[in-house]
Amino acid sequence: MKKTVFFILCLEGAILSFNVAASAALIPSISQEFSEPAFIAGRIIWLYMLPYGAAALFYGPLVRILDSRKIELFCMALFSIANLASGLSRSIQALFVARFFTGLFGASVIPLALILIAREAGSANRGRLVGLFFSATFTASLAGLFLSGMLPWRMIFLIPAIAGFIACVFIYMYLPGLKIDPAGVKVNYLATFRNKAILRLFTYILLISIFYHGVQQWLGVYFFEQYGFNQFIISMLVTLSALSGIFGEALGGWFSDIIGRVNTVNIGITLMIASVFALFFKMPVLLLVIIMLAWGAGWAFNHAGISTIITDLPDEFLNEAASLNSGVRFIAGGLGVAVSGLLMQKSFIMGFSIFGICLLSLLFFTRRLLVRV
């Protein structure tokens, strides 16, 4: 894969991810500005994730009939406009609408990146490229989270808007298009799900995404309501999960090539389980730092292993699988946030208990669900 192309993919991933994780930390600030309860302001998360997940299902098959470069240029431009609208919104309803369209157009980035890596990189190096790509996304998440503790919340949406317009220039000049299928559009989701191994793979992705986002996206509210931390401390704690994710994605991608995809996935989910159960106890900030580092590293290892498995799939399933990866993750994540919000309102301990037990149960079925296609 050409370095220029890989750089553009990483740049797009970074812009896409800049405010995704930060949004959870910004909920208390947005809640206060618009005088809305935190659990109402928290809708900015799933109103982004659900349209993202639904739209992602179309981008993989779409690049068979349309120039992928034009698709990405169009989507990045509208993604940037939607971020601009988020930063300039004057009501929480306007913010909700803007976040909806941000998810709708941002969904093109990761399916295209995985398809290009799968087609232009050898099997022995895919894990490393996947890991580096997602390290770039975690680096951007880290930057967004860090800045969310110091800048007005609106700037966290305006920064990717400006960066996105700049990225459009690089996309237009350097991003290659994928070969168009002369037979026309082929949407092979039915054939994909007839493959039992792929069905099991995406069952795993569905479940891990529900459980992860069910915990992750309410951590900001948890630290605010249970500990009384201010915005800066909340942002710094959530930032730590992104910090460990930067190295976790790169290391997880490397491990995927060295010790195997499934072993890497299992290391990740084990770290996640330990972190969730540790949150049962009220503890000093120093211990919360360690927990957040372990939680972020666990998710990153799991994510890198699964994403590399997807790039190993046969060509006949690749486009659909790349779209399904984003679609299933974000739809499941949005559902996880919505359901966990109901649980966390009653009791954070109850919510963490349920999701921790679910993660532990999933660990025992990992090898059965992730058999090779």
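In this note's numbering, the protein residues as written are 1 to 373.
Where is the CB? At the ideal position from N, CA and C, for every residue including glycine.
These numbers were taken from a predicted model, which means no experiment stands behind them.
Which of helix, strand or coil DSSP assigns to residue i
{"i": "arginine 36", "result": "Residue identity check: residue 36 is glutamate in the sequence provided, not arginine. Here glutamate 36 sits in coil by DSSP."}
{"i": "leucine 66", "result": "coil"}
{"i": "lysine 282", "result": "coil"}
{"i": "glutamine 93", "result": "helix"}
{"i": "methionine 150", "result": "coil"}
{"i": "phenylalanine 18", "result": "coil"}
{"i": "alanine 107", "result": "coil"}
{"i": "aspartate 312", "result": "coil"}
{"i": "proline 176", "result": "coil"}
{"i": "alanine 121", "result": "coil"}
{"i": "tryptophan 295", "result": "helix"}
{"i": "tryptophan 46", "result": "helix"}
{"i": "glycine 220", "result": "helix"}
{"i": "glycine 260", "result": "coil"}
{"i": "asparagine 195", "result": "coil"}
{"i": "phenylalanine 352", "result": "helix"}
{"i": "asparagine 230", "result": "coil"}
Whole-number beta carbon distance between residue j and residue i, since they are thought to touch under 8 Å
{"i": "tyrosine 222", "j": "phenylalanine 348", "result": "5 Å"}
{"i": "glycine 268", "j": "alanine 300", "result": "7 Å"}
{"i": "valine 337", "j": "isoleucine 45", "result": "5 Å"}
{"i": "isoleucine 290", "j": "leucine 279", "result": "So it is not a contact: roughly 12 Å between Cβ atoms."}
{"i": "serine 91", "j": "phenylalanine 34", "result": "7 Å"}
Pick from the options that is closest to residue i, judged by C-alpha positions
{"i": "leucine 219", "options": "Phe165, Val265, Leu84, Phe352", "result": "Phe352"}
{"i": "leucine 151", "options": "Ile171, Phe247, Ser29", "result": "Ser29"}
{"i": "phenylalanine 18", "options": "Asp67, Ser148, Thr264", "result": "Ser148"}
{"i": "alanine 191", "options": "Gly296, Phe317, Ser256, Ile171", "result": "Phe317"}
{"i": "methionine 350", "options": "Leu11, Leu73, Gly214", "result": "Gly214"}
{"i": "leucine 369", "options": "Ala321, Lys282, Val265", "result": "Val265"}
{"i": "valine 169", "options": "Leu116, Ala77, Ile115", "result": "Ala77"}
{"i": "glycine 385", "options": "Leu363, Phe133, Gly103", "result": "The requested residue 385 does not occur in the structure, where the chain is confined to residues 1 to 373."}
{"i": "isoleucine 8", "options": "Leu363, Ile234, Ile171", "result": "Ile171"}
{"i": "glutamate 225", "options": "Val63, Leu66, Pro37, Ala136", "result": "Pro37"}
{"i": "arginine 64", "options": "Ala41, Ser86, Leu112", "result": "Leu112"}
{"i": "leucine 116", "options": "Asn319, Arg367, Leu362, Met344", "result": "Asn319"}
{"i": "leucine 11", "options": "Phe34, Phe134, Phe74", "result": "Phe134"}
{"i": "arginine 43", "options": "Ala54, Leu342, Phe229, Cys358", "result": "Leu342"}
{"i": "leucine 16", "options": "Ala124, Leu66, Thr137, Asp67", "result": "Thr137"}
{"i": "lysine 346", "options": "Val130, Ile357, Phe39, Gly87", "result": "Phe39"}
{"i": "phenylalanine 229", "options": "Tyr174, Leu288, Pro176, Ile210", "result": "Leu288"}
{"i": "alanine 54", "options": "Asn325, Met344, Leu363", "result": "Asn325"}
{"i": "phenylalanine 127", "options": "Ala321, Ala41, Ile357, Gly253", "result": "This sequence places glycine at residue 127; phenylalanine is not what is there. For glycine 127, the nearest C-alpha among the options comes from Gly253."}
{"i": "leucine 26", "options": "Arg154, Tyr212, Gly298", "result": "Arg154"}
{"i": "arginine 69", "options": "Met173, Phe365, Ile166", "result": "Met173"}
{"i": "leucine 359", "options": "Leu129, Gln231, Ser209, Ser235", "result": "Ser209"}
{"i": "phenylalanine 255", "options": "Leu129, Thr4, Val5", "result": "Leu129"}
Do three or more CB pairs link the segment 8-27 to the segment 233-253 at distances below 8 Å? yes
Notebook entry, point to check: So, do the segment 256-266 and the segment 290-306 have three or more beta carbon pairs nearer to each other than 8 Å?
Noted result: yes
Examine the Cβ distances between the segment 246-258 and the segment 132-144 and report whether three or more of them are shorter than 8 Å. yes
Practice prompt. Determine contact between the segment 265-275 and the segment 310-327, defined as no fewer than three beta-carbon pairs at a distance below 8 Å.
Written response: no
Q) Is the segment 44-61 touching the segment 93-113 in the sense that three or more CB pairs, one from each, lie closer than 8 Å? A) yes
(message) Assess contact between the segment 118-127 and the segment 325-343, defined as three or more Cβ pairs (one per stretch) separated by less than 8 Å. Is contact present?
(response) Because the criterion of three Cβ pairs below 8 Å is not met, the segment 118-127 and the segment 325-343 do not touch.
With three or more beta-carbon pairs closer than 8 Å as the criterion, would you say the segment 156-166 touches the segment 81-93? yes
* Asked: Do the segment 192-205 and the segment 47-55 make contact, defined as three or more Cβ pairs closer than 8 Å?
  -> no
Tell me whether the segment 200-210 and the segment 89-104 touch, counting them as touching only if at least three CB pairs, one residue from each stretch, are closer than 8 Å. no
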